[in-house]
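A quick write-up on the structure given underneath.
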Amino acid sequence: MHLKRLEIHGFKSFADRIDLIFKPGITAIVGPNGSGKSNIADSLRWVMGESNLRNIRGTKYDDVIFSGSDDRKPLGMADVTLVLDNTDQTLPLDYAEVAVTRRVYRSGESEFLINRAPVRLKDIQELFFDTGLGKEAYSVISQGKIDAILSVRPEDRRSIFEEAAGIMRYKVKKNLSLKKLGETENNILRIQDLLEELRTQLDPLSLQAEKATLYLELRKKLKALEINHFYQEIMGIGQTLNCLTEQEQKKQQALAALKSEEENLSRQVLTIKTQATDWEAQLQTRQKLLMEGLARRERVAGELNLYAERKRSLENRRQDLATLLRTHQEKLGTLEEKQAQLQQSTAGIEREKEQLAAEVKQFEQVLVDKEEQIKKVRASLSAKKAAYTKQLEASSKLKQEISEEGAQKGFRQEREAELRAELDLANQEIAATEGQLQSLQAKLKELGEEADSVKKEERCLAEELEKHRIYLTERVQKNQEMRERLHGLESKITVLNEMERSHQGYFHGVKALLEAKGEPFYREIHGVVADLIRPEPGYELALEVALGSGLQNLVINHHRHAGQAITYLKQQRLGRATFLPLNLIEEKPDRFSQLKTILAQFKSKPATEAVFYDQQYQAVVSYLLSGTLVAPDLKTAVELTEQTGKRFRVVTLEGEVIAPGGAISGGNLERRQAGLLSRKGDIRRLTKEKQDLLAFLHRGLSEENKLQAKIKELSQLFEEQRDLRQKINFQQNSALKDLETLNAVQQRALKQKELLATALLKIKEELTTKDLTVNQLQLQQGLFEVELKQITQEIRSLEQEEGRLIQEREQKLRELSALSSRFAGIQQELLGKQENLQECAGALGELQTETDRREQELAQLVEELERLETEEKQLETELTQSAQKLAAEEGEIQRLRATWQEALAKVNQMEIRLREQQKEEGELLTELHRLELQLNRLKINQENMTANLAEAYGEDWAQAVEENCALPAHPRQEILRLKTQLKALEPVNLQAIEEYENLKERVEFLSKQLTDLTDARDSLTKVIAEIEKTIKKRFIVTFEQIRKEFIDLFEQLFSGGKADLQLADPDLPLESGIEILAQPPGKRLQNLSLLSGGERAMTAIALLFAILRVKPSPFCILDEIDATLDETNVQRFTELLKIFSKELQFIVITHRRGTMEVADVLYGVTMEEKGITKLISLELKKQAS
C-alpha cells in the first residue's frame, strides 16, 4: 500500500484546489520559509484523524480554513482527500483504491468520508490502527517531533513503540473493556443499592398485597352475595309490582266506568234540569196566557153585560122616547131616578174594584215572597251540596294521609328491625376487638423487652467499633462516608426518579390519566397538585398530612375536560380521580388576617404560606388549604387551637393534626414509601446533597484507604444487630399500627353502636308519633263521616222545603188568576155604569133640546138595537170559544205542571245517585292512591337497589347474577358481616397487588441483571487479562526487535559508538517507560540532553528508521528533520533514505540540497499571491533522461 494522491482545498493557505501526485520512492517538497510546505504535512495528519488541533498548529476549527487575504475572501470550508493504493488489501476494505476525505465548515460541522461514504472520525482512526498511519503513529515526523522523542519522559515514548508493536488496537479494546468494566462496577453498585432499597419496600408491600387480596376476595364474595340477594329481591319486587299493577288497572277501569256513568248522569241531570227549566218557563207562559184569556173572557162578559145594559137602555130609551112626547116629567123623573141608581151602583162597583185590586196586589206580593223563599232554599241547597262535595274530598284526602302514615309506619318498623340487627353485629365486633387488643398489647410488651436487649448489645458493639475507628484518619473516614453517602444518594435518586417517572404511589385512575397522552383532555391537564406546588423545606410532612389524598387531585382547565376524563375512566374501567377545574374552583377568603399577632406569637403560619406555586393555581391552593394552620409542635398546636377558639385545623411539622373542635390525630407514621411531596422534596434535597458531596469527594479522593478487617467485622456485627433492631422496630411499628387500627375499629364500632342506639330511639319516637298521628287522623275521619250524614239530611230537608214552596206558589198563582178574572169583570162593569151615568146626565141635559129629534132618534135607536144584537151574538160566540180555549189551556197547564214536578223528582233521584257515585269514586281514588304509593315505594326500592348495584359494580352487574344461587338463611346479616370485615381491613391499597407484582418482577429482573453484570464483569476481567497478555507479549517482542535494529543503525549512522534501549521497570513492561542510551564515537555515555543538536537528530533518525525496519509504514512524511544536520550527516541520512525508499514511500519536506538530490519527484511551493500557496512539480528522473 502507498500514497497515490493528496487533494487539498481551503485548508490553511491552500485557497485553490491542488492535487499532489505521489509515486513510490522519494518525493521532496521545497520552498521558502512561510510558503506553506508544512501545511501539506498538517493536512495529511488532519485527514488521517488528528483531533488535537495543537498538533497541526491550530487552536480552533476556524484555524484550518482559509481565512482570506488582501485580494481573496475567506472560504467557508476546508476539504482534504487522501487517496491510497490498497491493492495488497493492507486496509480491511474490499477496494483497490481507498479515498479518505475530511471536511470542516465554519459553522463547526464536520464530515468524514471513505470512498465518498459518510463515516465517523472513530471509523477513520480505527481504519489506520496498527498500520503505522494515524494521529499517534510515526508516519508523520517533524523536526519538533524528532526532538520530542528524545526530550519527553520515558513513559511518553511508549506510544511509537506501541504503534510499531501493533498493540494500539488492543489498547483501545482494553480501554473500552476497562471503561465497560468501570461502568459495569458502577451498574453493579447502583443495582445493589437499588435492590437494597426495593427489598426494604418488598416485605411491607407483600403484607399490603396479602391484605388487598383478602380484601378483594371478601369484596368478590360480597359482590356475589349482594348482587344475587338484591337480584332476587328485585325479581320479587317485580312480581309484586305486576300484581299491584293489575289491581291498579282494574281499579282504574272501575274508576273510568264510574266516571263515565257519573258523566252520563251529570249530562242527564243537566238535560232534565234544562227541560224542567223550559217546562217551568212554558208553565209560566201558559199561566200568563191563561190569566190573559180569563181577563179577556171577563172583559167579553163585561162587554156582553154592557151590550145587554145598552140594549135595555136603548129599549128603555125607545120606550122613553115613545112616551117622551107624552110626558117629559115622567122621563125626567125616571132619568133622575136612574141617575141616582147608577151613581149608587157605580160607587159600590168602585169599592169592590178597590178591594179586588188590593187582594191582587197582596197575592202578587205573596208570590214574590214565595219566589224569594224558593231562591233562598235553592241557594242553601247548592251550598250544602258544595259543602258535601268539599267534605267528601277532604274525607278522601284524609284517608290518603292515613294510608301514607301507615306506610311510613311500616317503613320505620322495617328500619327498626335492620337497626337492631346492625346493633347486634356491632356488639359482636366490639367483643371480638377487645380480645385482639389484649393479645396485641401482650405482644408489644414482649417486643419492647427484646428491643431493649438488642439495643444494649448494639450499644456495646458501637462503643467497641468507635474505639477501633479512632486509629483511622479523619479524612479517610470523611471520604469513605461521603463515598457511601454518594452511592446511597445516587441509588435513592434513581429509585425516587424511577418511582416519579412511573407515577408510583398514585391512584390507578390518576396514573391512567397522566399516561393517556393520545386523549384530547390530556393537553388540558396541568398535573396533580403534588406536581404544581413546592413546600418550604421542613414543611413537607405537615403539608402531606394536611392535603392527604388531595395531593393526587388533578388540576384541569375546564369542567368539560374533567367530564371527558371521567368518561374515559368509565369506558376503560380505570378507577376514579378527583378533578379541580380552574373555571369552577374559587379562591376562599383569608380567614387569618385577624390572627397575625397570635400566629407570630406561636411561630405558626397558614398552610397556604408554607407552599410555593404559580399564581394561576392560587384558587386551588386556597381551596385545599384554606382553614389550615401549621404549628412547630403539638404543644404549640394545642395552645394555638385554644387561642383561635378551635375553629381551624392545625397541623404540626411532625404530622399531628388537631381538627376543628379539638380532636387530635397523631402517632407513628410509616415512611417506608415517601409521600408525593416528600418524594419530590427528597429528589431536590438529595440532588443538591449529591452535588455538594461530589465537590468534597473530588478534593479528598487521593486520601482514601480501605477499612481495616476488624472494623469491617465489627461493622458487620453492628449491622446485624441494627438489622435485628430494625426488624424488631418494624414488628413493633406493625403491632402498633395494628393496635391503632384495632383501636380505631373499636372506636368506630362503639361510635356505630351509639349511632345505632340513637337511631333506634329516634325510630321508636317516630313510631309513637306516627301512631298518635294515625289515631288523630282516624278520629278526624269519624267526625267527617258524621258531618257528611248531617249534610245529607239537611240536603233532603231543603229539597222537601223547595217542593212545598213550589206547590204553595202554584196554589197562589191559581187564586191570583181567579182574582184577576173577577177584577177584569168588575172593571168592565164599572166602565159600563160610568157610561150609563154619563148618558143619563147627557140625556137630562139634552132632554129639552132633543124633543124635536125624537122620531129620528127612535129610528137610530132601532138601528142601534139591531147592531147591538149582531155584536152581542158575535161576543157570545167569542165567549163560548174563549171558554173552550181556557179549559184546554188549564188542562195543558196541569199537564206541564205534572211533567215539571216529575222532572224535578227525577233530578233529585239522579243527584242522590250522583252523590253516591261520587262517594264510591272517592273511595276508589283513595284505594288507587294507596296502590300508587305502594307501587312508588316498591319502584323506588327497586330503582335504588338497581342504582346501588350499578354504582357499586358497574352497569353490567346483571352479568354476575348466578342462576339458582343458594343464599344464606339471613343474607342481609351476612352482607353486614362482610361489610364489617371490609371496614376492619380498611384502609386498603388495592394497587399494592399490582405494585407488589411489579416490584417483585423488578427485583427479580434486577437480580438477574446483577447476575448478568457480575458474569459480564468476570468476563471483562478475563478479556482484559487476555488483552494484557497479548499486549505484553507483542510489546516485548517488538521492543527487542527495535532495540536490535536501533543498535545497528546507530553504529551505521555514527560510524561507531554505542546505543541501547532499556525498560525503566522490566517487571512492569506494560507501564514501564523506555530509556534511550547513546554514546557517540569518542565520547563517554552521557545524558541525551547533553548531546548536540545534530547528534540528537541522528539518534532520533536511527530510532525512527529502526522502527520502520521492524514495522514498515505504507508511507512516511519527514518534515525538515534534516535541518540540524551538517553535510556529512545529511549524506549519511540520504544514504539511509535511499536504502529504505526501495520498500517505503517517503515525502520529505526539506531545504537541504543533498536531500533534494536523492528525490525522485520534486514539488516546489511558493506564494506568488500573498497568503495563497501555489505548487510546481518536477519529476527529476524524466528530466535527467
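Read in order, the letters of the sequence shown correspond to residues 18 to 1202 in the numbering used here.
Heads up, the beta-carbon is just placed ideally off N, CA and C, and yes, glycines get one too.
(message) I need the straight-line Cα distance from His1168 to Val1040, nearest angstrom please.
(response) Start at 1 with the first residue of the sequence shown, and residue 1168 comes out as number 1151. Start at 1 with the first residue of the sequence shown, and residue 1040 comes out as number 1023. Rounded to whole angstroms, the separation of the alpha carbons of Val1040 and His1168 is 50 angstroms.
(request) Look at Leu995 and Leu239 and say whether their C-beta atoms are less than 7 angstroms apart. (result) Locating residue 995 in the sequence shown gives position 978, counting from the first residue. Locating residue 239 in the sequence shown gives position 222, counting from the first residue. Contact: yes.
(request) Under the assumption that Pro1098 contacts Phe1071 (Cβ atoms under 8 angstroms), give the Cβ distance between them as a whole number of angstroms. (result) Counting from one through the sequence shown, the residue named residue 1098 turns up at place 1081. Counting from one through the sequence shown, the residue named residue 1071 turns up at place 1054. Indeed they touch by this definition, with Cβ atoms about 6 angstroms apart.
(request) Take every Cβ of the stretch 979-999, pair it with every Cβ of the stretch 213-224, and state whether three or more of those distances are shorter than 8 angstroms. (result) The stretch 979-999 is not in contact with the stretch 213-224.
(message) Out of Asn245, Thr288 and Leu531, which one is the CA nearest neighbour of Lys923?
(response) Position 906 of the sequence shown holds residue 923. Minimum Cα distance to Lys923 is reached at Thr288.
(request) Between the Cα of Glu213 and those of Val512, Leu710, Arg1170 and Lys768, spot the shortest distance and give me the residue it belongs to. (result) Counted from its first residue, the sequence shown places residue 213 at position 196. Closest by alpha carbon: Val512.
(message) With a threshold of 8 angstroms, are at least 3 pairs of Cβ atoms found where one atom belongs to the stretch 801-812 and the other to the stretch 439-450?
(response) The stretch 801-812, when compared against the stretch 439-450, does not touch it at the 8 angstroms Cβ threshold.
(request) Find the nearest neighbour of Thr916 within the set Trp296, Arg1034 and Glu1160, judged by alpha-carbon distance. (result) Within the sequence shown, residue 916 is the residue found at index 899, counting from 1. Measuring from the Cα of Thr916, the nearest candidate turns out to be Trp296.
(request) Tell me whether Tyr630 sits in a helix, a strand or coil according to DSSP, three-state version. (result) For the purposes of this step, residue 630 is taken as residue 613 along the sequence shown, with counting starting at 1. Collapsing the DSSP output to three states places Tyr630 in a strand.
(request) For Leu993, collect the residues of the same chain with a Cβ closer than 8 angstroms to its Cβ; drop the 5 residues on either side in sequence, then sort them by chain order. (result) As a first step, residue 993 must be located in the sequence shown, where it is residue number 976. Excluding sequence neighbours, Leu993 sits near Ala438, Glu439 and Leu442.
(request) Can you have a look at Ala766 and say buried or exposed, based on whether 16 or more other CB atoms are within 10 angstroms of its CB? (result) The residue you call residue 766 lines up with position 749 of the sequence shown. Buried: at least 16 other Cβ atoms inside 10 Å.
(request) Could you check if Ile1193 is buried or exposed, using at least 16 other CB atoms within 10 Å of its CB as the buried criterion? (result) Locating residue 1193 in the sequence shown gives position 1176, counting from the first residue. Under a 10 Å Cβ-count criterion, Ile1193 is classified as exposed, with fewer than 16 other Cβ atoms of the shown protein chains found around its own Cβ.
(message) What ranges does the beta strand (DSSP E) occupy inside the stretch 741-807, keeping only unbroken runs of at least 3 residues that lie completely in it?
(response) Runs of the beta strand (DSSP E) inside the stretch 741-807: none found.
(request) Give a yes or no on whether the C-beta atoms belonging to Ile38 and Arg22 are separated by under 7 angstroms. (result) Reading the sequence shown from its first residue, position 21 is the one you call residue 38. Reading the sequence shown from its first residue, position 5 is the one you call residue 22. Yes, the pair counts as a contact, with Cβ atoms nearer than the cut-off.
(message) From the DSSP secondary-structure annotation, give me the bridge partner or partners of Ile131.
(response) For the purposes of this step, residue 131 is taken as residue 114 along the sequence shown, with counting starting at 1. According to the DSSP secondary-structure assignment, Ile131 is paired through a beta bridge with Val117 and Ala134.
(request) Would you tell me roughly how many angstroms separate the C-alpha atoms of Glu515 and Pro623, rounded to the nearest one? (result) Taking the first residue of the sequence shown as position 1, residue 515 is located at position 498. Taking the first residue of the sequence shown as position 1, residue 623 is located at position 606. Between the alpha carbons of Glu515 and Pro623 lies a gap of roughly 33 angstroms.
(request) Closer than 6 angstroms by C-beta to Leu642: which residues in its own chain qualify, once you throw out the five before and the five after it? Chain order, please. (result) The count along the sequence shown starts at 1 and reaches residue 642 at position 625. Closer than 6 angstroms at Cβ, skipping near neighbours: Ala624 and Thr625.
(message) Please report whether the beta-carbon of Glu771 lies at a distance below 7 angstroms from any beta-carbon of chain C.
(response) The chain inventory of the structure shown lacks chain C, comprising one protein chain alone.
(message) Quick check on Tyr1245: buried or exposed, where buried means 16 or more other Cβ atoms within 10 Å of its Cβ?
(response) A query on residue 1245 cannot be resolved here, the shown segment of the chain reaching from 18 to 1202 and no further.
(request) Note the first and the last residue of the continuous beta strand (DSSP E) segment covering Ala648. (result) On the sequence shown, position 631 is the one that residue 648 refers to. Where Ala648 is concerned, the enclosing beta strand (DSSP E) stretches over Thr645 to Ala648.
(request) Report the rounded CA-to-CA distance for Leu258 versus Thr790, giving the unit in angstroms. (result) Residue 258 sits at position 241 when you count from the first residue of the sequence shown. Residue 790 sits at position 773 when you count from the first residue of the sequence shown. Approximately 28 angstroms, taken between the alpha carbons.
(message) What would DSSP say about His26, mapped onto helix, strand or coil?
(response) One-based indexing of the sequence shown puts residue 26 at position 9. Strand.
(request) Could you have a look at Asp607 and say whether DSSP puts it in helix, strand or coil? (result) Here residue 607 refers to the residue found at position 590 when the sequence shown is read from its first residue. Coil.
(message) Based on DSSP bridge pairs, tell me the residues matched to Tyr970.
(response) What you label residue 970 is simply residue 953 of the sequence shown in a count that begins at 1. Within the DSSP secondary-structure output, Tyr970 pairs in no beta bridge.
(message) Please tell me whether Lys387 and Glu825 are closer than 7 angstroms, where the distance is taken between their beta carbons.
(response) If you number the sequence shown from 1, residue 387 lands on position 370. If you number the sequence shown from 1, residue 825 lands on position 808. Inclusion of Lys387 and Glu825 in the CB contact set at 7 angstroms is warranted, their separation being smaller than that value.
(request) Count the other C-beta atoms from every protein chain shown that fall within 10 angstroms of the C-beta of Cys982, then say buried if there are 16 or more, exposed otherwise. (result) Start at 1 with the first residue of the sequence shown, and residue 982 comes out as number 965. Classification of Cys982: exposed, given that the 10 Å Cβ count is below 16.
(message) Would Leu457 and Leu756 qualify as a contact pair, given that the criterion is a beta-carbon distance under 7 angstroms?
(response) By 1-based counting over the sequence shown, the position of residue 457 is 440. By 1-based counting over the sequence shown, the position of residue 756 is 739. Result yes, Cβ atoms of Leu457 and Leu756 sit closer than 7 angstroms.
(message) Can you find the residues in the same chain that come closer than 8 angstroms, C-beta to C-beta, to Arg689, ignoring five residues on each side of it along the sequence?
(response) Numbered from its first residue, the sequence shown carries residue 689 at position 672. Residue placement at Arg689 is poorly supported in this model, since its pLDDT is 36, which falls under 50; the coordinates still yield a value, given next. Cβ within range, chain order: Thr217, Gln218 and Pro221.
(message) According to DSSP, is Tyr112 part of a helix, a strand, or is it coil?
(response) As a working mapping, residue 112 is identified with position 95 in the sequence shown. The DSSP-derived three-state label of Tyr112 is coil.
(message) My assumption, with CB atoms under 8 angstroms, is that Thr118 sits in contact with Thr104. Please give the rounded CB distance.
(response) In the sequence shown, residue 118 corresponds to position 101, counting from 1. In the sequence shown, residue 104 corresponds to position 87, counting from 1. At roughly 20 angstroms, the Cβ-Cβ gap does not stay under 8 angstroms, so Thr118 and Thr104 are not in contact.
(request) Return helix, strand or coil for Lys1191, following the three-state DSSP convention. (result) Residue 1191 sits at position 1174 when you count from the first residue of the sequence shown. In the structure shown, Lys1191 sits in a strand (DSSP, three-state: E or B).
(request) Look at the Cβ atom of Asn1006, then the Cβ atom of Gln225, and state whether they are nearer than 7 angstroms. (result) Your numbering for residue 1006 matches position 989 in the sequence shown. Your numbering for residue 225 matches position 208 in the sequence shown. Closer than 7 angstroms, so yes.
(message) Between Glu1062, Arg1019 and Phe1163, which has its C-alpha nearest Leu211's C-alpha?
(response) Looking up residue 211 in the sequence shown gives position 194. The shortest Cα separation from Leu211 among Glu1062, Arg1019 and Phe1163 belongs to Arg1019.
(request) Have a look at Gly684, Glu659, Leu670 and Leu1023 and flag the residue whose alpha-carbon is nearest the alpha-carbon of Pro677. (result) Working through the sequence shown from its first residue, we reach residue 677 at position 660. Ranking the options by Cα distance to Pro677, first place goes to Glu659.
(request) Can you give me the Cβ contacts of Glu6 inside the same chain, cut-off strictly under 7 angstroms, excluding the 5 residues immediately before and after it? (result) The question about residue 6 has no answer here: the residues shown for the chain are numbered 18 through 1202.
(request) Could you check which residue in Gly565, Val121, Ala116 and Glu126 has the C-alpha nearest to that of Phe145? (result) Taking the first residue of the sequence shown as position 1, residue 145 is located at position 128. The residue with the shortest Cα to Cα distance from Phe145 is Ala116.
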